[in-house]
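Undergrad: Dumping the structure here so I can ask a few things about it.
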Amino acid sequence: MGDQMQFIVEKLNGEPFRKSYNLISFDSLESVQLLQLLSDVLGEIDPKHAVDIREELPEQTAKRMLSLLGILKYKPPGSVSDLSAFRQGLVTGSKPVIHPLLHWLLQRTSELKKRAYLARFLVKLEVPAEFLQDDTVADINKQYEDLMEAFKNLHKEYEQLKISGLSTAEIRRDISAMEEEKDQLVKRVERLKKRVETVQNHQRMLEIARQLRLEKEREESLAQQKQEQKSQLFHAEQRLQRAQLQLKEMQDAVADSKPESLMKKLEEEINFNSYLVTEKMPRELESKKASVYLLQKVAAEPAMTQSDLTALQSEINEVNAQMNQLIEKRMMKYEPTDSKFSMYRQQASIISRKKEAKAEELQAAKEEMSRLERQVQQRSSQAHELEGSEILTEEEFKQYVNKLRSKNTLYKKKRLEIAEITAEYGILQRTEELLKQRHEAIQQQLQVIEEKKGISGYSYTQEELERVSAVKSEMDEMKGQTLDNMSEMVKKLNAVVAEKKASLAPVIKELRQLRQKCQELTQERDEKKIQYDSCAAGLESNRSALEQEVKGLLEECAQEESNYRYIHCMKRTLEVQLQRAKEEMKAYVSPDPQERRKAIREQYTRMILEQENLGKKLREKQKVVRESHGPNMKQRKMWQDFEQLMECKRECFQKQQNQAAIGQVIQEGGKDRLVL
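Numbering follows the working numbering, with no gaps: position 562 of the sequence shown is 1027.
Below, the structure written as structure tokens:
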């Protein structure tokens, strides 16, 4: 109890309550103050309950608190397990009721806040059945239930997102990375567009590529539809095979059986099914219902502590001991006739257990047979997929093996040819790579030479010129133009190239100067950055050291403050105990008899004498009961025999009256016949 009060005081002194209680001041709170404190704690869990209890009636306060405690699934401790006593203690503000309740609420405040929040939306409003007959009310109720389910799903998704650990910083980083990738892709697309624009008839080629992509997508969709239709056809063939197999089995069963065997088989199936329906399944259903009820009951109760488990274990042990005692008494009272009946009962129970075991074995055998049938159907379907729907004979299997051998030989030859072609392809690919590398090296050397000579881009222009001239020659061949036109075009192109070179010469010179200046600025910027990084690292290390020192001082201050509060509380407790000891000593040594009676020692002495006298009286009463136990039991047995005798007389008298009434009816019937 002291630890419980210490925990309550610490929680109330912290956030968000900010009380200034100690153990003595908290223990001296009146019932109204305790109820207000409980209402404040419930108001922190659910803001609707943050009210002043002086503004409402005690019945309303108790009803409001009990409703919220029911939603929070609070279970009173063992000392106040009686619900009426718990309600009375809650109304009057009893400490044995309020203190455990405060301890339970302050232990799991965050969990209870979540439960109270969910209860606002998930506690279903019960609508009477007669109101649901109205279509409007029924539609609104249906919308209400749908919204409740949607809220459940959204809350689950929210909890999963909280658990997943995704933060806004990570999402922002992902978004920035995606934007960078997008910019790179846009630049790449622009470069590709510029390269494509130099190609002749690029619009027509783009249109053809677009049509090719659409046709490929259409081909994929058609292939998917074809695959779906194949699977549907395969499933239909499987159903047909199963139906044919069932038909064949039924025909074989009808052809090879007689009416007597069919009737016997049907009777056995009927007996087995009736046993399952009338005996086995009802027992299993009852056991399942009982287990479900127990599980629901356990789930509805709040989380149990170790003390609750210990109490339940002790109750289970007591009940088991009582059951053993009752079984022993029953066995001692059994007569020989009962022992014979018990033997028959044992035999009947053994037979019923054997019957249940055989029924379970039969059910398992049927399940195994159905599983094997499914496996056979699956294997047959696989064989059908491999174009082997029927089982091959010995000759057909030999022919199939010979065909496989010839195909294997052909396969090996083709494989050798493929290996030779692959090796040759690898050599050619390596040769191509070497030539490409040499070409790139030559191109780089050529670019370096061009830069040295001041004619950068000349080779590219020459290649373009050659390409244009080649295209032009092809066009001239196709159109039948003369060689003079081609020479004029070459002259024009050379003139254009010369003009471009002349215009680019000053720009290239200026660009060289700017590049040199850029290198100098970059070097200066790197030096400044190194200085900045070193300075920032020194400042960061100093800041972290200061933070650690401040953190240590704050922890030391908090520890010293806690020690001060604990010592102050212990001092107050010792002062109270010292004061009580002084008062006790004063009352004990006082010459006044009235004062001495108030002493605790005198009170305990009187209580010990009273208990000793009570023990003597109880021992005397026990002795009297033991002496009169035998005659009383004999008298009880005589009264039981007398009761049985009177019951037998009553039954005989009733039988006599019934026989007399039946005889009278028969006599009256005979008289009626004589009259007729």
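Heads up, the beta-carbon is just placed ideally off N, CA and C, and yes, glycines get one too. Quantities reported herein were computed from a predicted structural model and do not represent experimental measurements.
Does the pairing of the stretch 497-515 with the stretch 550-570 give three or more beta-carbon distances under 8 Å?
TA: Counting Cβ pairs under 8 Å, three or more are found: they touch.
Undergrad: Hey, would you say residue 497 sits closer than 7 Å to residue 523, going by beta carbons?
TA: No; because the gap between Cβ atoms is not below 7 Å, this pair is not in contact.
Undergrad: Below 8 Å, how does it come out for the stretch 468-486 and the stretch 513-530: are there three or more Cβ pairs, yes or no?
TA: Contact fails: fewer than three Cβ-Cβ distances are below 8 Å.
Undergrad: Please report the residue range of the alpha helix (DSSP H) in which residue 581 lies.
TA: Here the alpha helix (DSSP H) through residue 581 covers 574-587.
Undergrad: How many angstroms separate the CA atom of residue 594 from the CA atom of residue 602?
TA: Rounded to whole angstroms, residue 594 to residue 602 spans 11 Å at the Cα level.
Undergrad: At the level of alpha carbons, what is the spacing between residue 964 and residue 974?
TA: Whole-angstrom Cα-Cα distance: 16 Å.
Undergrad: Which residue comes first and which comes last in the alpha helix (DSSP H) that contains residue 492?
TA: Its alpha helix (DSSP H) spans residues 488-492.
Undergrad: Is it true that the stretch 735-743 meets the stretch 817-828, where meeting means three or more beta-carbon pairs spaced less than 8 Å apart?
TA: Yes, the stretch 735-743 touches the stretch 817-828.
Undergrad: For residue 853, does the count of other Cβ atoms within 10 angstroms reach 16, so buried, or fall short, so exposed?
TA: Confidence is the limiting factor: at residue 853 the pLDDT is only 47, short of 50, which leaves the residue's position unreliable and the question unanswerable from this model.
Undergrad: So, for residue 737: in the same chain, excluding its five sequence neighbours on each side, which residues have a beta-carbon less than 8 Å away from its beta-carbon?
TA: Taken in chain order, the residues that qualify are 824 and 827.
Undergrad: Check whether the Cβ atoms of residue 500 and residue 558 lie closer than 7 Å to each other.
TA: Yes, the pair counts as a contact, with Cβ atoms nearer than the cut-off.
Undergrad: Identify whether residue 665 lies in helix, strand or coil by the three-state DSSP scheme.
TA: Coil.
Undergrad: Rounded to the nearest angstrom, what separates residue 581 and residue 488 at their Cα positions?
TA: Going by the C-alpha atoms only, they are around 30 Å apart.
Undergrad: Buried or exposed: residue 914, going by 16 or more other Cβ atoms within 10 Å of its Cβ?
TA: With fewer than 16 other Cβ atoms within 10 Å, it is exposed.
Undergrad: I believe residue 510 touches residue 570 by the beta-carbon criterion, under 8 Å. Please report the beta-carbon distance rounded to the nearest angstrom.
TA: So it is a contact: roughly 7 Å between Cβ atoms.
Undergrad: Whole angstroms are fine: how far does the CA of residue 491 sit from the CA of residue 546?
TA: Note on residue 546: pLDDT 49, under 50, position unreliable in the model; the coordinate value appears next. Going from the Cα of residue 546 to the Cα of residue 491 covers about 25 Å.
Undergrad: Our contact map puts residue 1052 next to residue 1060 with C-beta atoms below 8 Å; I'd like the distance itself, whole angstroms only.
TA: The Cβ separation is near 5 Å, so the contact holds.
Undergrad: Can you give the Cα-Cα distance for residue 469 and residue 1086, rounded to whole angstroms?
TA: If you take the alpha carbons of residue 469 and residue 1086, they lie about 43 Å apart.
Undergrad: When we look at the beta-carbon of residue 724 and count the other beta-carbons within 10 Å, is it buried (16 or more) or exposed?
TA: Counting Cβ neighbours within 10 Å, residue 724 comes out exposed, since fewer than 16 surround it.
Undergrad: For the alpha helix (DSSP H) that residue 553 lies in, which residues bound it at each end?
TA: Residues 548-557.
Undergrad: How far does the alpha helix (DSSP H) with residue 739 in it reach, from first residue to last?
TA: It spans 724-740 - the alpha helix (DSSP H) in which residue 739 sits, taken as one unbroken run.
Undergrad: Can you tell me the Cα-Cα spacing of residue 527 and residue 551, whole angstroms?
TA: Going by the C-alpha atoms only, they are around 11 Å apart.
Undergrad: Express the C-alpha separation of residue 542 and residue 753 in angstroms, rounding to a whole number.
TA: Their backbone Cα atoms lie some 31 Å apart in a straight line.
Undergrad: In this structure, how does DSSP classify residue 802 when only helix, strand and coil are distinguished?
TA: The predicted model places residue 802 with a pLDDT of 44, which falls under 50 and marks its position as unreliable; any figure quoted below should be read in that light. In this structure, residue 802 counts as helix in the three-state DSSP scheme.
Undergrad: Go ahead and pull the three-state DSSP assignment for residue 1142.
TA: Residue 1142 is absent from the structure shown; the chain starts at 466 and stops at 1141.
Undergrad: Quick one, which of 793, 540, 1124 and 494 has its alpha-carbon nearest residue 762's?
TA: Comparing Cα-Cα distances from residue 762 to each of 793, 540, 1124 and 494, the minimum goes to 540.
Undergrad: Suppose the cutoff is 7 Å on Cβ atoms and the five residues either side in sequence are ignored; what does the same chain contact list for residue 902 look like?
TA: Contacts found: none.
Undergrad: Going by C-alpha distance, which of 561, 583, 548 and 495 is nearest residue 537?
TA: Per the Cα distances, 583.
Undergrad: Run through DSSP, which three-state label would residue 561 get?
TA: Helix.
Undergrad: Between the beta-carbon of residue 1065 and the beta-carbon of residue 1049, is there less than 7 Å?
TA: In this structure, residue 1049 lies closer than 7 Å to residue 1065 by Cβ.
Undergrad: DSSP state of residue 744, grouped into three classes?
TA: It is helical.
Undergrad: Could you pull out every unbroken alpha helix (DSSP H) segment of at least 4 residues lying fully inside the stretch 1074-1101, listed in chain order?
TA: For the stretch 1074-1101, not a single whole alpha helix (DSSP H) run of length 4 or above is found.
Undergrad: Please classify residue 774: is it buried, with 16 or more other beta-carbons within 10 angstroms of its beta-carbon, or exposed?
TA: Residue 774 is exposed by the Cβ-count criterion.
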